[in-house]
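Residue numbers (the working numbering): 1040 to 1219.
This is how it looks when you write it as structure tokens:
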């Protein structure tokens, strides 16, 4: 499926893409499996568009959910590189991670413990024809208030917590994490 995006530069336009027909219902990562999973996430800020943040609308076992781009770290990959790759795969945006916002541990009521590394990132290039990962409905550029208003759709409490930390000015330099 092809992805079309209007981009964050269009004020008031929250739709980055279109609903894709026949979205595969991907495995709900919060509802299946178990044990410890290591997740990486980005919280992207696009300052030229009134402080809009890149979010992902996905289809999960519990219906449509809102989250930041996220995924697993692949062998040999740094956390920042994984965050950039996941943003490309889920939102069709190439980004440069600029800061570590925080490290979070969350006990899912249905699926064990998650460890999340959240990065702030600078959008570089949009690839509007790039197919998105299975289960992704669309990428959205939302204001903080719009994200708060959709709280019932949040994939986990990590969505709002990491964004609140970013807005509070808590980011750390990306060099704080060493890949050995």
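Backbone N, C-alpha and C define an ideal beta-carbon position, used for all residues, glycine too.
Note down, in chain order, each residue of its chain lying with its Cβ closer than 7 Å to the Cβ of residue i, except the 5 sequence neighbours on either side.
i: residue 1203; result: none
i: residue 1208; result: none
i: residue 1210; result: 1138, 1139, 1140, 1159
i: residue 1192; result: 1103, 1104, 1105
According to the neighbour-count rule (16 or more other Cβ atoms, all chains shown, within 10 Å of its Cβ), is residue i buried or exposed?
i: residue 1097; result: buried
i: residue 1201; result: buried
i: residue 1219; result: exposed
i: residue 1215; result: exposed
i: residue 1134; result: buried
i: residue 1101; result: exposed
i: residue 1129; result: buried
i: residue 1114; result: exposed
i: residue 1205; result: buried
i: residue 1108; result: buried
i: residue 1066; result: Low per-residue confidence applies at residue 1066: pLDDT is 27, beneath 50, and the placement is therefore not dependable, though the value from the model is reported in the following sentence. Burial call: exposed.
Among the options, whose alpha-carbon lies nearest the alpha-carbon of residue i?
i: residue 1145; options: 1091, 1205, 1206, 1197; result: 1197
i: residue 1190; options: 1103, 1090, 1091; result: 1103
i: residue 1184; options: 1199, 1177, 1194; result: 1199
i: residue 1156; options: 1170, 1112, 1178, 1094; result: 1112
i: residue 1152; options: 1177, 1195, 1124, 1170; result: 1195
Taking the continuous alpha helix (DSSP H) assigned at residue i, which residues delimit it?
i: residue 1186; result: 1183-1188
i: residue 1198; result: 1197-1206
i: residue 1125; result: 1118-1130
For residue i, collect the residues of the same chain with a Cβ closer than 6 Å to its Cβ; drop the 5 residues on either side in sequence, then sort them by chain order.
i: residue 1132; result: 1126, 1162, 1165
i: residue 1116; result: none
i: residue 1172; result: 1128, 1129
i: residue 1143; result: 1155, 1197
i: residue 1217; result: none
Please go through the same chain and pick out, in chain order, the residues whose beta-carbon is closer than 8 Å to the beta-carbon of residue i, but skip the five residues on each side of it.
i: residue 1187; result: 1199
i: residue 1213; result: 1119, 1136, 1137, 1138, 1139, 1158
Where do the ends of the beta strand (DSSP E) carrying residue i lie?
i: residue 1163; result: 1151-1165
i: residue 1095; result: 1091-1099
i: residue 1103; result: 1102-1106
Hey, is residue i close to the ligand ADP, as in C-beta under 6 Å from one of its heavy atoms?
i: residue 1101; result: Looking for the ligand ADP in the displayed structure turns up nothing, as the structure carries no ligands at all.
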